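To keep things clear, I will list the structure first and then write my remarks on it.
Protein chains: 2
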Amino acid sequence: MNLGYLSRQKQLEKLVEKLGLPKDAAIKWDLLDLALTHASASATANYEQLEFVGDAVVRLAASELLFEIYPDCSVGEFAAIRSILVSDRILFKIADSYGFDRYLIVASSAAGDKTGAETRLADALEAVLAALYLSSHTLELIRPWFDPHLRQLAAEIRSDPARQNYKAALQELTQGKHKVLPKYSVAETGTVQGGEDRFTAEVRLHGQLLARGKGRSIKAAEQAAAREAFIKLKDS
Amino acid sequence: MNLGYLSRQKQLEKLVEKLGLPKDAAIKWDLLDLALTHASASATANYEQLEFVGDAVVRLAASELLFEIYPDCSVGEFAAIRSILVSDRILFKIADSYGFDRYLIVASSAAGDKTGAETRLADALEAVLAALYLSSHTLELIRPWFDPHLRQLAAEIRSDPARQNYKAALQELTQGKHKVLPKYSVAETGTVQGGEDRFTAEVRLHGQLLARGKGRSIKAAEQAAAREAFIKLKDS
Numbered sequence: 101m102n103l104g105y106l107s108r109q110k111q112l113e114k115l116v117e118k119l120g121l122p123k124d125a126a127i128k129w130d131l132l133d134l135a136l137t138h139a140s141a142s143a144t145a146n147y148e149q150l151e152f153v154g155d156a157v158v159r160l161a162a163s164e165l166l167f168e169i170y171p172d173c174s175v176g177e178f179a180a181i182r183s184i185l186v187s188d189r190i191l192f193k194i195a196d197s198y199g200f201d202r203y204l205i206v207a208s209s210a211a212g213d214k215t216g217a218e219t220r221l222a223d224a225l226e227a228v229l230a231a232l233y234l235s236s237h238t239l240e241l242i243r244p245w246f247d248p249h250l251r252q253l254a255a256e257i258r259s260d261p262a263r264q265n266y267k268a269a270l271q272e273l274t275q276g277k278h279k280v281l282p283k284y285s286v287a288e289t290g291t292v293q294g295g296e297d298r299f300t301a302e303v304r305l306h307g308q309l310l311a312r313g314k315g316r317s318i319k320a321a322e323q324a325a326a327r328e329a330f331i332k333l334k335d336s
Numbered sequence: 101m102n103l104g105y106l107s108r109q110k111q112l113e114k115l116v117e118k119l120g121l122p123k124d125a126a127i128k129w130d131l132l133d134l135a136l137t138h139a140s141a142s143a144t145a146n147y148e149q150l151e152f153v154g155d156a157v158v159r160l161a162a163s164e165l166l167f168e169i170y171p172d173c174s175v176g177e178f179a180a181i182r183s184i185l186v187s188d189r190i191l192f193k194i195a196d197s198y199g200f201d202r203y204l205i206v207a208s209s210a211a212g213d214k215t216g217a218e219t220r221l222a223d224a225l226e227a228v229l230a231a232l233y234l235s236s237h238t239l240e241l242i243r244p245w246f247d248p249h250l251r252q253l254a255a256e257i258r259s260d261p262a263r264q265n266y267k268a269a270l271q272e273l274t275q276g277k278h279k280v281l282p283k284y285s286v287a288e289t290g291t292v293q294g295g296e297d298r299f300t301a302e303v304r305l306h307g308q309l310l311a312r313g314k315g316r317s318i319k320a321a322e323q324a325a326a327r328e329a330f331i332k333l334k335d336s
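These protein sequences, in sequence, are chains A and B.
One gets the working numbering by counting positions in the first sequence from 1 and adding 100 to each.
One gets the working numbering by counting positions in the second sequence from 1 and adding 100 to each.
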């Protein structure tokens with residue numbers, strides 16, 4: 101769909117409608133316009149500063165939701181889930197589901213960069229979250245449409261850790277805290293091909309065993325071990 | 101001062117008064133109580149989950165303030181300043197200025213741990229920020245007393261980067277992004293003892309020069325170089 105025939109204001113109203121927000125929502129349209137303008141289109145009036153604020157907004161939205169819906173969760177698991185929820189990969193998916201690329205103003209020179217496109221949409225979503233937050237200084241223009249995405253993703257992450265990238269989260273944690281990368285070793289411990297527990301992975305830090313995990317593939321076993329280790333380190 | 105003679109409610113009211121908040125502020129007192137209870141005092145009802153939320157609240161408060169007061173700042177400098185503002189060292193100082201240790205319930209077994217005391221106060225401040233945020237779902241109980249601290253610190257950081265720990269911020273950034281630590285080399289380039297520019301530091305990544313910095317001490321020169329490199333990498 102080409103939105104070029106619509107005025108910028110009409111475009112932005114269309115997006116707001118898509119997000120399910122009321123027509124008369126008190127939105128700072130100038131900020132929303134800025135949030136959907138890439139640096140390639142304007143070196144001075146673009147989404148960069150808003151993206152910086154939005155990084156904190158998305159973190160708060162995720163934290164508040166987890167606090168509300170999982171009262172019995174450990175903070176280690178909270179941190180693990182949040183690190184995934186606020187990742188570019190997830191933010192891109194959410195932005196893409198609303199077709200953010202149709203609303204983002206990008207110079208044609210930059211538009212061809214396909215690998216940059218995902219980052220741009222994730223960044224633009226953060227900037228939009230900042231624009232909506234700064235419109236009311238609350239999350240009330242955000243939670244109604246953003247929470248359902250986070251809720252579903254958080255439930256998926258909790259039910260199937262192997263699908264999520266705990267290895268990346270663990271690596272980030274150990275590099276920051278211990279200045280060293282975790283090491284994995286995997287053994288085939290099950291006998292039934294394709295069985296749930298075919299592989300067992302162990303993850304070590306400085307040679308010391310952090311955690312074990314099982315899975316039907318090497319990758320799944322490593323992710324399960326990484327998840328255990330991540331939660332253990334975060335809670336310690 | 102020993103506050104043991106006061107009821108818990110009176111203690112919390114005293115702290116709220118100290119923060120300069122109005123007496124009739126709509127505060128969720130049960131959350132504030134929780135925010136000032138260490139895990140050593142209760143394994144289940146303590147500040148840990150609130151601290152998790154508070155980490156996001158303090159990040160948002162810092163981001164919003166920087167966005168408002170430094171409209172011409174690059175996002176690289178924003179990120180550098182924010183990483184310092186939300187650090188445990190700074191949060192401890194703020195918590196300590198209000199005598200948080202008098203309000204925090206800690207088991208006597210843990211209270212003797214002096215090195216843990218700073219972290220505990222920083223964590224408790226984050227938890228208090230979460231309790232205040234969750235009382236109104238806005239920053240209105242936070243900004244009136246918290247902003248002045250952030251404002252002053254941000255101004256100090258901007259005017260004298262060598263006083264702040266940009267080396268730590270740069271290290272965190274390069275480990276996360278490039279899986280490698282920055283390397284410093286310093287030369288005595290000035291002639292006057294104690295002169296402003298006595299030392300020049302260079303910081304490299306994978307052997308490649310990132311930035312140079314000058315200072316009156318080796319440490320100051322390294323910090324100045326780290327600051328330049330941090331901002332450059334963040335903005336790239």
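A virtual CB, placed ideally from N, CA and C, is assigned to each residue, including glycine.
Here the structure is a predicted model, which is why all the values come from computation and not from measurement.
How big is the Cα-Cα spacing for B/Glu-177 and B/Thr-300?
By one-based count along the second sequence, residue 177 of chain B stands at place 77. By one-based count along the second sequence, residue 300 of chain B stands at place 200. Rounded to whole angstroms, B/Glu-177 to B/Thr-300 spans 21 Å at the Cα level.
Would B/Ala-324 pass as a contact of B/Ala-180 if the rule is Cβ separation under 8 Å?
The residue given as residue 324 of chain B occupies position 224 in the second sequence. The residue given as residue 180 of chain B occupies position 80 in the second sequence. In this structure, B/Ala-180 does not lie closer than 8 Å to B/Ala-324 by Cβ.
Distance, Cα to Cα, A/Leu-225 vs B/Leu-305?
Here residue 225 of chain A is taken as the residue at index 125 of the first sequence, counted from 1. Here residue 305 of chain B is taken as the residue at index 205 of the second sequence, counted from 1. In a straight line, the C-alpha of A/Leu-225 is about 31 Å away from that of B/Leu-305.
State yes or no: is the C-beta of A/Lys-123 within less than 8 Å of the C-beta of A/Leu-234?
The residue you call residue 123 of chain A lines up with position 23 of the first sequence. The residue you call residue 234 of chain A lines up with position 134 of the first sequence. Cβ atoms of A/Lys-123 and A/Leu-234: not closer than 8 Å.
When DSSP builds the beta bridges, which residues end up paired with A/Val-286?
For the purposes of this step, residue 286 of chain A is identified with residue 186 of the first sequence, where counting begins at 1. Paired residues: A/Ala-301.
My understanding is that B/Ala-321 touches B/Lys-314, with C-beta atoms under 8 Å, so please give their C-beta distance in whole angstroms.
In the second sequence, the residue the question calls residue 321 of chain B occupies position 221. In the second sequence, the residue the question calls residue 314 of chain B occupies position 214. About 6 Å separates the two Cβ atoms, so the contact holds.
If I measure Cβ to Cβ from A/Ala-161 and keep anything under 8 Å in the same chain, skipping five residues before and after, which residues do I get?
On the first sequence, residue 161 of chain A is found 61 positions in, with the first residue counted as 1. Around A/Ala-161: Leu-229, Leu-239, Ile-242, Arg-243, Phe-246, Asp-247, Leu-250.
By how many angstroms is the C-alpha of A/Ala-141 removed from the C-alpha of A/Ala-211?
Sequence index remark: in the first sequence, residue 211 of chain A carries index 111 (1-based). Sequence index remark: in the first sequence, residue 141 of chain A carries index 41 (1-based). Here the C-alpha atom of A/Ala-211 lies approximately 10 Å from the C-alpha atom of A/Ala-141.
Only counting the same chain, and skipping five residues up and downstream in sequence, which positions put a Cβ closer than 7 Å to that of A/Ser-236?
Locating residue 236 of chain A in the first sequence gives position 136, where the first residue counts as 1. Counting only Cβ-Cβ distances below 7 Å, and skipping sequence neighbours, we find Ala-126.
Are the Cβ atoms of B/Leu-134 and B/Ala-145 separated by less than 8 Å?
Counting from one through the second sequence, the residue named residue 134 of chain B turns up at place 34. Counting from one through the second sequence, the residue named residue 145 of chain B turns up at place 45. Going by C-beta atoms, B/Leu-134 is nearer than 8 Å to B/Ala-145.
Starting from A/Lys-314, follow the beta strand (DSSP E) in both directions and report where the run begins and ends.
If you number the first sequence from 1, residue 314 of chain A lands on position 214. That run of the beta strand (DSSP E) goes 308-315.
Taking A/Leu-112 as part of the alpha helix (DSSP H), name the residues at either end of that continuous run.
Your numbering for residue 112 of chain A matches position 12 in the first sequence. Where A/Leu-112 is concerned, the enclosing alpha helix (DSSP H) stretches over 108-118.
With a threshold of 8 Å on Cβ separation, who are the neighbours of A/Val-175 within its own chain once the five nearest residues in sequence on each side are excluded?
As a position in the first sequence, residue 175 of chain A is number 75, starting the count at 1. A distance below 8 Å between beta-carbons, with the five flanking residues on each side excluded, links A/Val-175 to the following residues of its chain, in chain order: Lys-334, Asp-335.
On the DSSP bridge assignment, give the partners of B/Ile-184 in chain order.
Translated into positions along the second sequence, residue 184 of chain B becomes position 84. None; B/Ile-184 has no bridge partner.
How would you list, in chain order, the residues of chain B whose beta-carbon sits under 7 Å from the beta-carbon of A/Arg-159?
For the purposes of this step, residue 159 of chain A is taken as residue 59 along the first sequence, with counting starting at 1. The contacting residues are Ala-156, Arg-159.
Could you have a look at B/Gly-294 and say whether DSSP puts it in helix, strand or coil?
On the second sequence, residue 294 of chain B is found 194 positions in, with the first residue counted as 1. At B/Gly-294, the pLDDT of 47 sits below 50, so the modelled position is not reliable; the number obtained from the coordinates is stated separately. It is coil, neither helix nor strand.
Alpha carbon to alpha carbon, what distance is there between B/Ala-254 and B/Gly-294?
Counting from 1 along the second sequence, the entry for residue 294 of chain B is found at position 194. Counting from 1 along the second sequence, the entry for residue 254 of chain B is found at position 154. At B/Gly-294 the pLDDT is 47, less than 50, meaning the model places this residue with poor confidence; the figure from the coordinates comes in the next sentence. Approximately 27 Å, taken between the alpha carbons.
Give every residue of the same chain whose Cβ lies closer than 6 Å to the Cβ of A/Lys-283, excluding the five residues on either side of it in the sequence, and list them in chain order.
Taking the first sequence and counting its residues from 1, the one referred to as residue 283 of chain A is at position 183. These residues qualify, in order along the chain: Arg-304.
Could you tell me whether any Cβ in chain A is nearer than 8 Å to the Cβ of B/Ala-254?
Counting from 1 along the second sequence, the entry for residue 254 of chain B is found at position 154. Not one chain A Cβ lies under 8 Å of B/Ala-254.
Which first and last residues belong to the alpha helix (DSSP H) in which A/Ala-224 is found?
To locate residue 224 of chain A, count along the first sequence from 1; it is residue 124. 214-236 is the span of the alpha helix (DSSP H), which, as asked, contains A/Ala-224.
Can you find a CB in chain B that lies within less than 8 Å of the CB of A/Leu-106?
Within the first sequence, numbered from 1, the residue matching residue 106 of chain A stands at position 6. Not one chain B Cβ lies under 8 Å of A/Leu-106.
Write down the C-beta distance between A/Asp-223 and A/Glu-151 rounded to the nearest angstrom, noting that I regard them as a contact closer than 8 Å.
Working through the first sequence from its first residue, we reach residue 223 of chain A at position 123. Working through the first sequence from its first residue, we reach residue 151 of chain A at position 51. 5 Å between Cβ atoms; contact.
Rounded Cβ spacing between A/Val-158 and B/Ser-163 (contact assumed at less than 8 Å)
Here residue 158 of chain A is taken as the residue at index 58 of the first sequence, counted from 1. Here residue 163 of chain B is taken as the residue at index 63 of the second sequence, counted from 1. Not a contact, Cβ separation roughly 11 Å.
If I follow the unbroken alpha helix (DSSP H) through B/His-249, where does it start and stop?
Along the second sequence, read from residue 1 onward, the residue named residue 249 of chain B stands at position 149. 243-259 is the span of the alpha helix (DSSP H), which, as asked, contains B/His-249.
With 8 Å set as the bound, which would you pick, yes or no: does the beta-carbon of B/Leu-185 sit closer than that to a beta-carbon of chain A?
Within the second sequence, the letter at position 85 stands for residue 185 of chain B. Output row for B/Leu-185: interface = no.
Chain-ordered chain A contacts of B/Phe-178 [CB-CB under 8 Å]
One-based indexing of the second sequence puts residue 178 of chain B at position 78. The contacting residues are Gln-149, Phe-152.
Buried or exposed, going by whether 16 or more other CB atoms sit within 10 Å of the CB of B/Val-116?
In the second sequence, the residue the question calls residue 116 of chain B occupies position 16. It is buried - the Cβ of B/Val-116 has at least 16 other Cβ atoms within 10 Å.
Helix, strand or coil at B/Ile-127 [DSSP, three-state]:
Taking the second sequence and counting its residues from 1, one reaches residue 127 of chain B at position 27. Coil at B/Ile-127, not helix or strand.
Within chain B, the residues that A/Gln-111 reaches when beta carbons sit closer than 8 Å:
One-based indexing of the first sequence puts residue 111 of chain A at position 11. Simply none; closest approach about 24 Å.
Reference B/Asp-172, options B/Arg-258, B/Val-286, B/Ala-207, B/Leu-121, closest by Cα:
Reading the second sequence from its first residue, position 72 is the one you call residue 172 of chain B. When only C-alpha atoms are compared, the closest one is B/Arg-258.
Anything in chain A within Cβ reach of B/Ser-163, meaning under 9 Å, just list it in chain order.
The residue given as residue 163 of chain B occupies position 63 in the second sequence. Under the 9 Å cutoff, chain A gives Phe-152, Val-153, Gly-154, Asp-155, Ala-156, Val-157, Ala-230.
Could you check whether the Cβ of A/His-138 sits closer than 8 Å to any Cβ belonging to chain B?
Numbered from its first residue, the first sequence carries residue 138 of chain A at position 38. No, A/His-138 lies away from the interface with chain B (no Cβ there is under 8 Å from its Cβ).
Nearest CA to the CA of A/Arg-220: which residue from A/Gly-290, A/His-138, A/His-278?
Mapped onto the first sequence, residue 220 of chain A falls at position 120. The shortest C-alpha separation from A/Arg-220 is found at A/His-138.
Please list the partners that A/Phe-167 has in chain B, where partner means a Cβ-to-Cβ separation under 9 Å.
The sequence position of residue 167 of chain A within the first sequence is 67, counting from 1. Residues of chain B with a Cβ closer than 9 Å to the Cβ of A/Phe-167 are, in chain order, Gln-149, Leu-150, Phe-152, Val-153, Ala-230, Leu-234.
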